[in-house]
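First up is the structure itself, then whatever we jot down about it.
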Ligand SMILES: *[C@@H]1O[C@H](CO)[C@@H](O)[C@H](O)[C@H]1NC(C)=O
């Protein structure tokens, strides 16, 4: 009682609390368009399909760069409708590098210029770099940490995510996953496979046969979100283990609506007949990725 009275009098008589309180309650701003669509504001984050860029960092316009998987940089990817960015990071000169130094700052600049957009980051951590000591400060320095969504239940079931409108209204519109090393010590860096399952990657089969390839944690596959690895590889040297490179020559077909929908359909039986959450492509500037994703979202 004593505590309640003190709190009440603080609220009533402290002018600064009042000043902060009144405009907040009388002028709540609500998002009306979310990720480009009014309908998506009311839809749960876990019930939306997002276009994804595989190895988003590895963009190059040089056709002789064998490691490239994208032709346009992250800003252009985001402008094309990509809302999930995937990539690997490595340590170089004591800093976490995403191939291009300004990568995360470009993402932040896009988010600042587009306040009605929710973006997912799914990074891999092949060198087991420390999440609290290296990953977190990297996100902090880019300004992304304060936009990062922190779930209340962990792991979050696919159906339990808030709506895009809610995330945008709260300014928590970046979801960050790491494939390994996310041990809970940093609340916004989530262990990917506790939340998302993926089908096989580096497919050389243009039919992309689906199965649950990587998954973890207590939740069942249908309670996870899911990602389709819709990027086709070709074997450059078909002897021994071979050398797989991304198949640029087939990108128009691979990234066509029919190939993407067929792949999504093949995975739906593992996802309670739902569309995939993430459609990850190479060469996002080629083909019809955004159109396929719009179809999967029912538009
Ligand atoms: C969203 O829900 C609708 C209706 O149940 C379903 O058809 C669609 O596949 C779902 N999409 C995702 C990505 O879960």
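Numbering (mature numbering (1 follows the signal peptide of the UniProt record, and there is no 0)), first residue to last: -19 to -1, 1 to 280. Even glycine gets a Cβ: it sits at the ideal position worked out from N, Cα and C.
C-alpha gap between residue 5 and residue 11, whole angstroms: Locating residue 5 in the chain shown gives position 24, counting from the first residue. Locating residue 11 in the chain shown gives position 30, counting from the first residue. Confidence is the limiting factor: at residue 5 the pLDDT is only 44, short of 50, which leaves the residue's position unreliable, though a coordinate-based value still follows. Roughly 12 Å between the two C-alpha positions.
Reduced DSSP secondary structure (H/G/I, E/B, other) of residue 264: If you number the chain shown from 1, residue 264 lands on position 283. Of the three classes helix, strand and coil, the one that applies to residue 264 here is coil, per DSSP.
Can you tell me which of 280, 272, 279 puts its alpha carbon nearest to the alpha carbon of residue 33? If you number the chain shown from 1, residue 33 lands on position 52. Comparing Cα-Cα distances from residue 33 to each of 280, 272, 279, the minimum goes to 272.
Would you decide whether residue 217 is buried or exposed? Buried here means 16 or more other CB atoms lie within 10 Å of its CB. The count along the chain shown starts at 1 and reaches residue 217 at position 236. Flag for residue 217 reads exposed.
Let me confirm a value: residue 130 is counted as buried when at least 16 other C-beta atoms fall within 10 Å, else exposed. Which label applies? Looking up residue 130 in the chain shown gives position 149. Per the 10 Å Cβ criterion, buried.
For residue 255, is the beta carbon positioned less than 7 Å from some heavy atom of ligand 1? As a working mapping, residue 255 is identified with position 274 in the chain shown. Yes, the Cβ of residue 255 comes within 7 Å of a heavy atom of ligand 1.
Less than 8 Å between the C-beta atoms of residue 265 and residue 67, yes or no? One-based indexing of the chain shown puts residue 265 at position 284. One-based indexing of the chain shown puts residue 67 at position 86. No, Cβ-Cβ distance for residue 265 and residue 67 is not below 8 Å.
Neighbour-count burial assignment, residue 220, 16 or more Cβ in a 10 Å radius: To locate residue 220, count along the chain shown from 1; it is residue 239. Under this definition residue 220 is an exposed residue.
Every unbroken alpha helix (DSSP H) within the region 81 to 155, with a cutoff of 4 residues, ordered by chain: 84 to 94, 117 to 123, 145 to 150
Taking DSSP as the reference, what is the three-state secondary structure of residue 59? Residue 59 sits at position 78 when you count from the first residue of the chain shown. Reduced to three states, the DSSP call for residue 59 is helix.
Considering only heavy atoms of ligand 1, does any lie closer than 7 Å to the CB of residue 258? Working through the chain shown from its first residue, we reach residue 258 at position 277. Yes, the Cβ of residue 258 comes within 7 Å of a heavy atom of ligand 1.
Would a C-beta distance cut-off of 8 Å place residue 173 and residue 210 closer than the cut-off? By 1-based counting over the chain shown, the position of residue 173 is 192. By 1-based counting over the chain shown, the position of residue 210 is 229. No.
Complete beta strand (DSSP E) runs within the region 167 to 231 (minimum length 3 residues, chain order): 170 to 172, 177 to 179, 206 to 210, 214 to 216, 225 to 227
How should residue 202 be labelled, buried or exposed, when 16 other C-beta atoms within 10 angstroms of its C-beta is the threshold for buried? Residue numbering aside, residue 202 sits at position 221 when the chain shown is read from its first letter. Counting Cβ neighbours within 10 Å, residue 202 comes out exposed, since fewer than 16 surround it.
What's the gap between the Cα of residue 277 and the Cα of residue 250? Taking the first residue of the chain shown as position 1, residue 277 is located at position 296. Taking the first residue of the chain shown as position 1, residue 250 is located at position 269. Whole-angstrom Cα-Cα distance: 15 Å.
Locate the alpha helix (DSSP H) running through residue 244, then write down its first and last residues. If you number the chain shown from 1, residue 244 lands on position 263. Run containing residue 244: 238 to 249, per the alpha helix (DSSP H) assignment.
Residues of its chain near residue 268, where Cβ-Cβ distance is below 8 Å and the 5 sequence neighbours each way are ignored: Within the chain shown, numbered from 1, the residue matching residue 268 stands at position 287. Once the five neighbours on either side are set aside, the close Cβ partners of residue 268 are 232, 233, 234, 235, 236, 237, 262.
Top-ranked residue by Cα proximity to residue 116, from 148, 161, 153: Working through the chain shown from its first residue, we reach residue 116 at position 135. The candidate whose alpha carbon is nearest that of residue 116 is 161.
Starting from the Cα of residue 186, find the closest Cα among 215, 253, 40, 37 and give me that residue. The residue you call residue 186 lines up with position 205 of the chain shown. Nearest C-alpha to residue 186: 215.
Should residue 15 and residue 99 be called a contact, given that it needs their Cβ atoms to be closer than 8 Å? Within the chain shown, residue 15 is the residue found at index 34, counting from 1. Within the chain shown, residue 99 is the residue found at index 118, counting from 1. It is a contact, given that the beta carbons lie within the stated cut-off.
Is residue 139 near residue 27, with beta carbons less than 8 Å apart? Walking along the chain shown from the start, residue 139 turns up at place 158. Walking along the chain shown from the start, residue 27 turns up at place 46. Yes. Within cutoff.
Considering only the alpha carbon of each residue, which of 155, 159, 227, 252 lies closest to residue 193? Your numbering for residue 193 matches position 212 in the chain shown. Considering only alpha carbons, the answer is 252.
Chain-order list of residues whose beta-carbon lies under 8 Å from that of residue 166 (same chain, five-residue window excluded): In the chain shown, residue 166 corresponds to position 185, counting from 1. Cβ within range, chain order: 112, 113.
Less than 8 Å between the CB atoms is what I'm expecting for residue 92 and residue 155, so what's the real figure, rounded? Here the question's residue 92 lines up with position 111 in the chain shown. Here the question's residue 155 lines up with position 174 in the chain shown. With 8 Å as the limit, residue 92 and residue 155 qualify as a contact, their Cβ atoms being about 7 Å apart.
DSSP bridge partner residues for residue 25 (one or two, in chain order): As a working mapping, residue 25 is identified with position 44 in the chain shown. According to DSSP, which records beta bridges pairwise, residue 25 is partnered with 144.
Applying the criterion that 16 or more other CB atoms from any shown protein chain within 10 Å of the CB defines a buried residue, is residue 71 buried or exposed? Here the question's residue 71 lines up with position 90 in the chain shown. Exposed: under 16 other Cβ atoms inside 10 Å.
Would you grab the beta carbon distance between residue 208 and residue 177 for me? Rounded to a whole angstrom, and I think it's under 8 Å. Within the chain shown, the letter at position 227 stands for residue 208. Within the chain shown, the letter at position 196 stands for residue 177. The pair is a contact, with the Cβ atoms about 6 Å apart (cut-off 8 Å).
So which of 49, 36, 76, 35 has the shortest CA-CA distance to residue 282? Residue 282 is absent from the structure shown; the chain starts at -19 and stops at 280.
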